[in-house]
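Chemist: Note that the protein sequences, when read in sequence, are chains E, G and A. Under this note's numbering, the residue at position 40 of the first sequence is numbered 40, and the numbers go up by one with no gaps. Under this note's numbering, the residue at position 138 of the second sequence is numbered 138, and the numbers go up by one with no gaps. Under this note's numbering, the residue at position 100 of the third sequence is numbered 100, and the numbers go up by one with no gaps. Where a beta carbon is used, it is the ideal one built from N, C-alpha and C, also for glycine. In this text, all values refer to a predicted model and were calculated from it rather than measured experimentally.
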Amino acid sequence: MKKRILLISIALAVSVAWLPGQEAGSSYLIRNATIVPVIGEMIPNGELLIENGKIKALGRDVQAPPGAQVIDGTGMFVYPGFIDAFTHFGLSEIGAISSTVDQREMGKENPELKVAWAINPFSVHFGTGRVNGTTAALVAPSGGTFPGISALVKMDGWSLPEMAVNETAASLINFPMTPRPPKEGVSVQKESGDDVTSKIVDKIKDYLNEARRYLQLKKLAAENPAVAAPASNPKYEALAPVLDGTLPVIVSVEKAKDIELAIKFIKEQKLKAIFRGCVQGFKVADKIKQSGIPVIIDSLYQGPSEPEDGYDAPYRNVAELVRAGVTICFSSGDDPAFGKDLTYHAAKAVAFGLDRDEAVRALTINPAKVFGVENRLGSLEPGKDADLFLAAGDPLDARTEVKLIFIDGRPIDMSNWWEKQYEKWKNRPTK
Amino acid sequence: MPDRGILTGQSSFFCLSDPDKNKSLLLRDLSLGIGFSPPGIMAYPSSLMGLYAYLKQILQDSVFYDAGRDRWNKDMRGIARPDYNPVLEVLSEHVAGKKPVIFLCRNQNDIRRALALVAGSRLDAVICDLGNEASDVIPELKKAKARVLVTVAFKAPPSNLYSQKGKAEREKAEKEVYPKNPARLAEAGIPFAFSSLDTDDPKTFTEGVLKAIEAGLSKEKALAALTTAPASFFGLDKALGTIEPGKIANIVLAEDDLLVKDAKVRYIFADGKKFEMKEAKAKEGEKPTVSVSGKWELTAEGVPKLTVDFVQEETALSGKMVTPFGVFDFMGGSVSGNQVDFEMTISVGGQEIDLYISGTVEGDTMRGTIVQDTSGSVEFTAKRIPG
Amino acid sequence: MKRHMITEIALFWAMGLLLTGFAADKPLILKNGNIITVSGGTIEGGDILVQAGKIVRVGKDLGAPGAETINLKGQWVMPGIIDSHSHIAVEGDVNEMGDLITSEVDVRDVINPRDMMIFYALTGGVTTVHTMHGSANPIAGRGVVLKLRWGKSADELIFQGAPLTSKWALGENPKQSNLGGAGKARYPKSRMGVEAAIRKEFEQAKDYVRHWQEYEKKLKASRAGKGKVPAPLPPKRDYRLEGVADILSGKLWVRCHAYQSEEMLSIIRLCKEYGVKLACFEHALEGYRITNELVANGVGISTFVDFWAYKWEAYNTMPHGTALAARRGVLVALNSDDPERMRRLFNDAAKTVRFGGLSEAEAIKTLTINPAKILGIDKQVGTIEPGKDADLAVFSRHPLDPYTVCQMTIVDGTVYFDRAKYLEDRKKAEEEKKKEAEAKAPKDKKTGAEV
């Protein structure tokens, strides 16, 4: 009974949203739902008002302005939209077809490249990636040592600039990795030697120092006409905000030794860093905590970095980090085709010891804070962007359907590449 | 013996007495080598399982060929004359058990495969235990009455469990488990002889034999494995293996015990020729330089066979690597002592992969590691391609 | 046993080899579990009596004289998961790239029982796998079903009584369209060529069988003629054609890797024409579009829920495909094709509930009785019923629950994976390591060397 009413309400909401000429000033009142604001207490039988793209109010007995669309949330849970802290949405469509892949550029040093130039906002993976409640994602480049600059984007919008929360959200450094066993588990090999790793780290340091010299010389030339300005170098220019700590830099690193090396490196270079990966972080959790560097957990569809870590290492790693006081965020990882699996990784971490509330924070307020957008995203609080969703149950449960998603206060067209096929093919007559 | 390919070729026995091979030849085309490493990625067979099926088929082909040729030779009328096939001609002697075959087994799985091929056939097989795992196959070796050639590099073989458990496990096994292999074979009464395959210089081979003794092999059995056993395996016991009147004068003279560390060998007689051993002038700290210029064939587990063409100018190293995905140049590598280091980027299906390669050169063999930028590393062995 | 050679650090790995000390013929009772029988609903707070590797009885308050007991404490038990598409425990390349048709090749020749991935599969509740060739050839070699009896020899892993399989492949992989020009050009380069290649080989195999039948006739005649007629020479044995002959005779069950609907329909027609036993399509990501044809011809599918978009032929698909096909009557098995996915197949099954609305009971079937049927082993495994093999997976919560963890995996009544013991052994090993490190440290302080 209730479900039918709900469906009608949602259908209404959706159809209203797509009427031509619809004003941005629409309001929606979600009623009688369990509201999980993340900041603040859960509100059973609660209400949430969306107005002009923002969360206007939430609680009990929220007054709806005239003309507000009412959405019956009976039996539903309302969560802030999840934020996927590391993806390649829009940069890759079909992995094997290189013309559809724009993830990495040639060469090792590309700190000036911006993914915002390359993201295809109409990629099929935005539509399929958000079905479990993801409303924003960090889209990053890959490859080399300095792959470029990532952008934080909403999972729906008319154009890339309209979708972007921050077109230059964070730079990246791919820290050299001492080898991990191949996935197939065939014999573990000798370590390539810490010599190889430290050689590469030295190269990175040299590169950053060259950038610093360039910037110093440029400054000097500006102040002193006798000094010739250096030839313009966009790569070093792009590193300026990284070097002065105003632009955070995501450092990808996995093994315990490498993490320690990276912490030292980050301290020396005075960078504002975010770790990504740290699958052996549990071994040096206290050091990571001390460093104050948050960690973006990669997809948990992986085995241990070293067999001795145990078959469950990537899973229990998350709880161990949190236990030590490290701030974590979840991400769906390198394959945009698995974007929707963000919640499954969070559930797996919970299965292996992570507190569920922590898991939800790691999908919401943590990434918002890490990327400096907590004034807009990451929780259900008045004044924040109305990025949220209604789920028919626990959103971390793969069996739960997310019924409706709002981004910037607009109900999103929930149809996508998959749904279109489903709608068609379920109607083929059986013989 | 030749050890590349599947039917690797015919081995011969030489007395190490004369640089002229005609003078030092003892026995020619003694036995056929059979290997389990597929030669390349795109030729048939490219996989181990394909290789095994290929072996079954070619042994079968040999039987069929023999039957056809015998029938033709007996009565040249009424049946089609079979085509001459040089490979099958040679193979037929081995298939009939007239000459032995040496199976180059990389691990215990290969040993079992080899014994399965031998069962029900007339093959006279010798098992070359490159993986030091023959002692895991003792019951089957006993049943097959197999002779074993034991190697002494004592490195963890492909597909072993220790390596999959971690670096610490593998190193421990290489120290404690594999060196026990010869002792355990001796205890079980499996006849074996030592082979220097995989230990390309005499020093490492000797150290290996000593490791085996340290791990429990008796000196008598070790000596037998260096003398009487290999002689009898290949039908040379009338001429070699013991110091007896009438036998070939192949004698080692040492100041004291031979099978000890830093044994002092003073004279070696080969074919009765005297060779005096002088002290090696090893200068500690001075690293000899090697020249790697030229073509090398590189093999690594899980990696298609690669050819590297090095150009070395003093310490600078450059060259190109030929892979199934294309030919890729590299520069800026270095050679220091016998250490080789270089890095390069290859492109596979549109993906760029950064590789860091470093290795150690001993004679015509290079061993080291290939590190791939994001996913792992693999140990490699490279052999210089002559000519 | 080699245990005296294995150190403390290795001990917690050796637990796989150590079993739990339960003798195979002593009765074992798994007490107080929520039993998902698959064949007869779920029994809450039930017991399973196991003996000599088989399930003897399923019910409540079971007892048997001299029985060992494992108290499940209300945890969930399901039949051991069967992964019908994997490549684990295979030594060397899983593809024979050198030729088009490689039916002479047999995966049983290269089973490596010491593949750590077997252990990893056990940690995910998997007890049986079908391991086979990759997809480089239109007709590849024989595949085999294995039970994950970790620690036993290659021969002991083989699932006795399971039909052998023949792996076929259609589409991009045998066309080698994604290898970027590596190697020499090899026929076929189009989907049309793939089907033509299969037909050609079938005809050659029929000729081969005919030649041998003629030879048998001549041999008989020669023997009857008592030497007057010379005995004929047998034709050359060709293992490749014998492999194809086994396909034509139905001895090998064909499993055909295919993505797109039109090639699947063509192969169904081809197999019908030649009387070939086509057991299932592998992947079949467009399978949900041809459910009528699949059901009419008794062909199952062994597929992923949501691994897609990695190449063109994996694009026209949806995670709902699995559930939709199942609801429309197709025999659907979920598979991994990857040792990492193998240990979370139960998580994948949960996705079919939301994508396509499959019931939880039907979702569990895609991991158990369905793959058993597709592999022809459903008389031995796939449900928890008296008489079947005691292959069981114990989970902390319902297997489809997002927070569930596999606790124990039992094959033929023997515990091959026990998470509690695994954790205990790991803790001990870590404490040993700590003690060793502490024992070293003070010494080094004396010499002044850095610890």
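Give the secondary structure of residue 2 of chain G by DSSP, where H, G and I count as helix, E and B as strand, and everything else as coil.
Modeler: Coil at residue 2 of chain G, not helix or strand.
Chemist: Give the residues from the region 302-321 of chain E that approach chain A closer than 8 Å (Cβ to any Cβ), ordered along the chain.
Modeler: Here the close residues are 302, 303, 307, 308, 310, 311 and 312.
Chemist: The alpha helix (DSSP H) spanning residue 85 of chain G covers which residue range?
Modeler: Here residue 85 of chain G belongs to no alpha helix (DSSP H), and DSSP marks it neither H nor E.
Chemist: What residues of chain E sit near residue 168 of chain G, judged by a beta carbon separation below 7 Å?
Modeler: Near residue 168 of chain G (Cβ distances below 7 Å), the residues of chain E are 308.
Chemist: What separation, rounded to the nearest whole angstrom, lies between the Cα atoms of residue 269 of chain E and residue 430 of chain A?
Modeler: Cα to Cα, the separation comes out at about 35 Å.
Chemist: Need the endpoints of the beta strand (DSSP E) that residue 63 of chain A sits in, please.
Modeler: Taken as a continuous stretch (DSSP letters only), residue 63 of chain A belongs to no beta strand (DSSP E), as it is neither H nor E.
Chemist: Taking 8 Å as the CB-CB cut-off, is residue 16 of chain E touching chain A?
Modeler: Low local confidence applies: a pLDDT of 39 at residue 16 of chain E is under 50, so the model's placement there is unreliable, and no value is given.
Chemist: Against chain G, with Cβ distances strictly below 8 Å, would residue 376 of chain A count as a contact?
Modeler: Chain G, which has no Cβ nearer than 8 Å to the Cβ of residue 376 of chain A, makes this no.
Chemist: Can you name the residues of chain A whose CB is closer than 9 Å to the CB of residue 350 of chain E?
Modeler: Going along chain A in sequence order, the residues near residue 350 of chain E (Cβ under 9 Å) are 402 and 403.
Chemist: At the level of alpha carbons, what is the spacing between residue 148 of chain E and residue 343 of chain G?
Modeler: Approximately 22 Å between the Cα atoms of the pair.
Chemist: Check residue 52 of chain G in the structure and name its three-state DSSP category.
Modeler: Residue 52 of chain G falls in the helix class under three-state DSSP.
Chemist: By the 10 Å Cβ neighbour count, where 16 or more other Cβ atoms means buried, how is residue 21 of chain E classified, buried or exposed?
Modeler: At residue 21 of chain E, the pLDDT of 32 sits below 50, so the modelled position is not reliable; the number obtained from the coordinates is stated separately. Counting Cβ neighbours within 10 Å, residue 21 of chain E comes out exposed, since fewer than 16 surround it.
Chemist: Cβ of residue 44 of chain G less than 8 Å from any chain A Cβ?
Modeler: Residue 44 of chain G counts as touching chain A.
Chemist: Does chain G have any CB closer than 8 Å to the CB of residue 54 of chain A?
Modeler: It does not: the Cβ of residue 54 of chain A has no partner Cβ on chain G nearer than 8 Å.
Chemist: Quick one: Cα of residue 283 of chain G to Cα of residue 290 of chain G, how far?
Modeler: The predicted model places residue 283 of chain G with a pLDDT of 42, which falls under 50 and marks its position as unreliable, so this point remains unresolved.
Chemist: Could you tell me which residues DSSP puts in a beta bridge with residue 164 of chain E?
Modeler: The partner list for residue 164 of chain E (beta bridge, DSSP) reads E:153.
Chemist: If you follow the alpha helix (DSSP H) that residue 437 of chain E is part of, which residue opens it and which one closes it?
Modeler: Any question about residue 437 of chain E goes unanswered here, given that chain E covers just 1 to 431.
Chemist: Can you tell me whether DSSP reads residue 380 of chain G as helix, strand or coil?
Modeler: Looking at residue 380 of chain G - three-state DSSP - the assignment turns out to be strand.
Chemist: What's the call for residue 380 of chain A, buried or exposed, on a 16-neighbour Cβ count within 10 Å?
Modeler: Buried, since its Cβ has 16 or more Cβ neighbours within 10 Å.
Chemist: What are the boundary residues of the alpha helix (DSSP H) that includes residue 24 of chain G?
Modeler: Residue 24 of chain G -> alpha helix (DSSP H) spans 21-24.
Chemist: So for residue 15 of chain G, helix, strand or coil by DSSP?
Modeler: In the structure shown, residue 15 of chain G sits in coil (DSSP, three-state: anything other than H, G, I, E or B).
Chemist: Would residue 281 of chain E and residue 298 of chain E be called neighbours here (beta carbons separated by less than 8 Å)?
Modeler: Contact flag unset, no.
Chemist: Skipping 5 residues on each side, what residues in its chain have a beta carbon closer than 6 Å to that of residue 414 of chain E?
Modeler: Contacts found: none.
Chemist: Any beta-carbon of chain E closer than 8 Å to the one on residue 292 of chain A?
Modeler: Yes - at least one Cβ of chain E is within 8 Å of the one on residue 292 of chain A.
Chemist: For residue 298 of chain G, collect the residues of the same chain with a Cβ closer than 6 Å to its Cβ; drop the 5 residues on either side in sequence, then sort them by chain order.
Modeler: Excluding sequence neighbours, residue 298 of chain G sits near 306, 308, 380 and 382.
Chemist: Around the C-beta of residue 144 of chain A, are 16 or more other C-beta atoms found within 10 angstroms, so that it is buried, or is it exposed?
Modeler: Residue 144 of chain A comes out buried.
Chemist: Quick check on the DSSP output: the alpha helix (DSSP H) that includes residue 122 of chain A runs from which residue to which?
Modeler: Unbroken alpha helix (DSSP H) run through residue 122 of chain A: 116-122.
Chemist: Taking the continuous beta strand (DSSP E) assigned at residue 32 of chain A, which residues delimit it?
Modeler: 28-36 is the span of the beta strand (DSSP E), which, as asked, contains residue 32 of chain A.
Chemist: Under 7 Å, CB to CB, which of the residues in the region 217-251 of chain A have a partner in chain G?
Modeler: Residues passing the 7 Å Cβ filter: 233, 236, 237 and 239.
Chemist: Helix, strand or coil: which one does DSSP assign to residue 79 of chain E?
Modeler: Strand.
Chemist: Grab me the residues of residue 3 of chain G's own chain with a C-beta within less than 8 Å of its C-beta, minus the 5 sequence neighbours each way, in chain order.
Modeler: The answer, listed in chain order, is 33, 35, 104 and 197.
Chemist: For residue 437 of chain A, count the other beta carbons within 10 Å of its own beta carbon; 16 or more makes it buried, fewer makes it exposed. Which is it?
Modeler: By the neighbour-count rule (16 or more Cβ atoms within 10 Å), residue 437 of chain A is not buried but exposed.
Chemist: Using 8 Å as the Cβ pair cut-off and three pairs as the minimum, do the region 43-54 of chain E and the region 380-399 of chain E touch?
Modeler: Verdict: yes, contact present.
Chemist: Classify residue 372 of chain G as buried or exposed, calling it buried when 16 or more other Cβ atoms lie within 10 Å of its own Cβ.
Modeler: Looking at its Cβ environment, which holds 16 or more other Cβ atoms inside 10 Å, residue 372 of chain G is buried.
Chemist: Output the distance between the C-alpha atoms of residue 317 of chain E and residue 353 of chain G, rounded to the nearest integer angstrom.
Modeler: Those two C-alpha atoms are separated by around 28 Å.
Chemist: For residue 273 of chain G, which three-state DSSP category applies?
Modeler: Strand, per DSSP.
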